[in-house]
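These notes concern the structure reproduced below.
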Amino acid sequence: MATIHGAWKLVHRDEVLQRSSQSLSTLGEHALIFGGELHPREPRDNDVHILRIVPRPSSGPLQSYGNDPSTSHKDDGLPSARVGTASTVVDGKIYYFSGRGGVDMAPIDEQGKLWQFCFSDDHGVGWHEILPADNSQPVPDPRSYHCITSDGKTTLYLHAGCPKSGRLSDLWALDVTERKWRQLASAPGAPRGGTSITFSDGKLYRMGGFDGKHELGGEIDIYDIASDKWSTHTFSADGNEGPGCRSVGTLLAINVHGRPSLITAFGESDPSALGHAGAGNMLPDAWLWDIETKKWSKIVTEEGNKVPQPRGWFAADVVTIDGEQGIIVQGGLAEDNQRLDDAWVLSF
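At position 11 of the sequence shown the residue is numbered 11 (full-length UniProt numbering), and the sequence of numbers has no breaks.
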């Protein structure tokens with residue numbers, strides 16, 4: 001088994017970070033955390049928690065952009081509290097789509113609307129509603145435990161997840177300037193929730209998920225944006241030649257030692273009999289896939305160094321520190337069904 005060395009560092013731990021099924025997106029040296037639950041099927045809050053990944057002596061590591069609790073479930077220009085949402089960054093702004101919420105914990109139907117959160121001197125701080133330009137055109141179904149990625153410049157891509165019943169395999173694109181949804185070719189294989197998708201050099205990469213009965217693995221599905229076509233690369237999901245089957249993990253595109261790569265980490269390998277109300281078997285590992293050679297390497301750390309405990313239903317994104325890319329992993333659900341309150345950075 002090929003290996004590559006990495007180092008995990010605990011960057012913060014806080015009670016307010018204790019949650020699962022949340023989203024996290026990075027803007028510069030900040031990680032912005034939104035949504036999630038502390039207790040099963042109970043959205044925790046609709047605040048944005050802003051974690052400074054590299055703390056400064058002059059300011060604390062964590063601040064929250066809070067909303068008025070008395071109006072947090074009203075249509076007042078603020079998103080309602082939710083779990084199982086998904087986020088991505090386009091042109092320095094974070095975009096969120098749907099999720100579960102309300103008394104019935106049903107998919108939140110906002111008729112194709114996205115929520116945009118800004119956190120910069122250029123754009124200010126706060127929420128904005130991004131409505132489709134033409135209400136007569138098709139929009140994606142409301143859903144939870146879906147995934148979103150983007151080209152970072154103009155276009156985001158929304159995939160799969162759990163609607164009111166069943167699971168989806170659809171793929172949609174939205175140019176955030178034109179505000180027009182386009183349905184693209186659906187992904188191969190079983191419809192799924194808890195899958196992961198990422199963008200690299202004109203292609204989308206999709207891996208893992210749960211089809212209602214089994215965790216999925218042994219395949220990386222690759223979508224070529226220019227041709228609107230999918231292909232599939234298979235590998236041995238034995239935990240030796242490649243990562244085992246999993247859902248509610250992560251897949252992130254990253255440059256490691258100058259090579260375009262993908263990282264997958266953690267996730268659930270077997271579901272709980274309690275479904276969303278319980279924890280299954282959680283994986284402890286992280287793997288790197290070299291996009292050019294299509295080979296997996298297991299990420300190992302020096303013996304004795306602290307590492308994150310196994311988890312699923314967490315949040316993660318790419319982070320750049322001192323010019324080098326790594327990933328940040330925050331919170332999630334442990335095997336003892338407890339929500340985790342930590343944030344870790346993996347660097348190389």
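Each residue gets a CB set at the ideal place from its N, CA and C atoms; glycine is no exception.
Return the CA-CA distance between D238 and G217, expressed in angstroms with no decimal places.
10 Å
Range of the contiguous beta strand (DSSP E) that encloses Q63:
Here the beta strand (DSSP E) through Q63 covers L62 to Y65.
Looking only at its chain, what residues have a beta carbon closer than 8 Å to the beta carbon of H30, apart from the 5 residues adjacent to it on each side?
I50, L51, R52, I53 and F119
Short Cβ contact (7 Å threshold) for G249 with F266
Yes, these two residues count as a Cβ contact at 7 Å.
I believe Y145 touches G193 by the beta-carbon criterion, under 8 Å. Please report the beta-carbon distance rounded to the nearest angstrom.
4 Å
Which of the three DSSP states, helix, strand or coil, is assigned to L340?
coil
Which of helix, strand or coil DSSP assigns to I328:
strand
Starting from N255, trace the beta strand (DSSP E) both ways and give me its first and last residue.
T250 to V256
Tell me, to the nearest whole angstrom, how far the beta carbon of S98 is from that of P138; I am working on the premise that it is less than 8 Å.
S98 to P138, Cβ: 15 Å. No contact.
Can a CB atom of chain C be found closer than 7 Å to the CB of P188?
Structure shown: chain C not included; a single protein chain is present.
Mind checking whether I263 and L288 have CB atoms under 7 Å apart?
In this structure, L288 lies closer than 7 Å to I263 by Cβ.
Identify, in the order they occur along the chain, each residue of the same chain with its Cβ nearer than 6 Å to the Cβ of Y96, setting aside the five sequence neighbours on each side.
T85, S87 and W115
Within a Cβ cutoff of 6 Å, which residues of the same chain sit near I44, ignoring the five residues on either side of it in sequence?
According to the sequence as given, residue 44 is Arg; it is not Ile. Answer for R44: R19, G36, E37 and L38, listed in chain order.
Please classify L158: does DSSP put it in a helix, a strand, or coil?
strand
Using 8 Å as the threshold, is the region 289 to 307 in touch with the region 225 to 232, meaning 3 or more CB pairs across them?
Contact between the region 289 to 307 and the region 225 to 232 is absent, because fewer than three Cβ pairs lie under 8 Å.
Between the C-alpha atoms of D175 and A185, what's the straight-line distance to the nearest angstrom?
17 Å
Return helix, strand or coil for L32, following the three-state DSSP convention.
strand
Count the other CB atoms, across all protein chains shown, that sit within 10 Å of the CB of H12; report buried if there are 16 or more and exposed otherwise.
buried
Can you tell me whether DSSP reads L17 as helix, strand or coil?
In this structure, L17 counts as helix in the three-state DSSP scheme.
Tell me whether W127 sits in a helix, a strand or coil according to DSSP, three-state version.
strand
Three-state secondary structure (DSSP) of Q137:
coil
Going by beta-carbon coordinates alone, are A160 and T195 separated by less than 7 Å?
yes
Let me know the secondary structure DSSP gives W313 once reduced to three states.
coil
Less than 7 Å separating the beta-carbons of A113 and E129?
Checking the displayed sequence, the identity of residue 113 turns out to be Lys instead of Ala. Taking 7 Å as the Cβ cut-off, K113 and E129 qualify as a contacting pair.
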